[in-house]
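Numbering (my numbering), first residue to last: 3 to 123.
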């Protein structure tokens with residue numbers, strides 16, 4: 003037995019966070035309460051039990067969406083509103099791909115700016 007573990011505790015990757023009654027998959031529509039008492043409803047984009055992260059995309063009006071990332075330990079009363087569909091799963095994948103593409107574009111812009119500054123000196 004490792005230091006700091008009790009004989010009854012499961013390995014961290016097998017432990018379920020206190021606020022979760024199920025493991026949501028990408029595209030699942032969920033509703034939960036935040037630590038500050040707010041209620042969030044949206045589609046799961048990513049869920050990582052190892053990092054304690056739940057990323058949810060919610061509609062904010064006017065056809066716009068907001069991607070929010072939550073610490074799983076700070077949410078409660080999570081419930082599934084609707085199961086993932088092929089369309090919602092594809093939308094979640096496209097959202098993750100779009101976020102990665104935007105990150106790459108920001109990185110390229112920053113490197114280009116640094117090179118331009120270095121060459122002008």
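No residue lacks a Cβ here, since even glycine has one placed at the ideal position from N, Cα and C. Small disclaimer: the values here were computed from a predicted structure and weren't measured.
Legend entry - Buried or exposed by the 16-neighbour rule on C-beta atoms within 10 Å, applied to residue 25: With fewer than 16 other Cβ atoms within 10 Å, it is exposed.
Legend entry - Status (buried if at least 16 other CB within 10 Å, exposed otherwise) for residue 55: Residue 55 should be labelled exposed.
Inset, instruction - Evaluate the contact criterion for the segment 61 to 79 versus the segment 112 to 120: three or more CB pairs, one atom per stretch, below 8 Å. - result: Not touching, per the Cβ criterion.
Inset, instruction - Answer yes or no: do residue 82 and residue 47 have a C-beta to C-beta separation smaller than 9 Å? - result: It is not a contact, given that the beta carbons lie outside the stated cut-off.
Legend entry - Per DSSP, the bridge partner or partners of residue 49: Beta-bridge annotation (DSSP): residue 49 is paired with 56.
Inset, instruction - Could you tell me whether the Cβ atoms of residue 34 and residue 77 are closer together than 9 Å? - result: Against a cut-off of 9 Å, the Cβ pair of residue 77 and residue 34 comes out as a contact.
Inset, instruction - Alpha carbon to alpha carbon, how far is residue 41 from residue 79? Give it in angstroms, no decimals. - result: C-alpha separation (whole angstroms): 10 Å.
Legend entry - Rounded C-alpha distance that separates residue 14 from residue 117: Unreliable placement is indicated for residue 14, whose pLDDT of 47 sits below 50; no coordinate value is reported for it.
Legend entry - Exposed unless 16 or more other CB atoms sit within 10 angstroms - verdict on residue 62: So residue 62 counts as exposed.
Legend entry - Cα-Cα separation, residue 59 to residue 109: Taking C-alpha positions only, residue 59 is separated from residue 109 by approximately 23 Å.
Legend entry - Unbroken beta strand (DSSP E) run spanning residue 76, endpoints: Note, residue 76: premise wrong, no beta strand (DSSP E); not H, not E.
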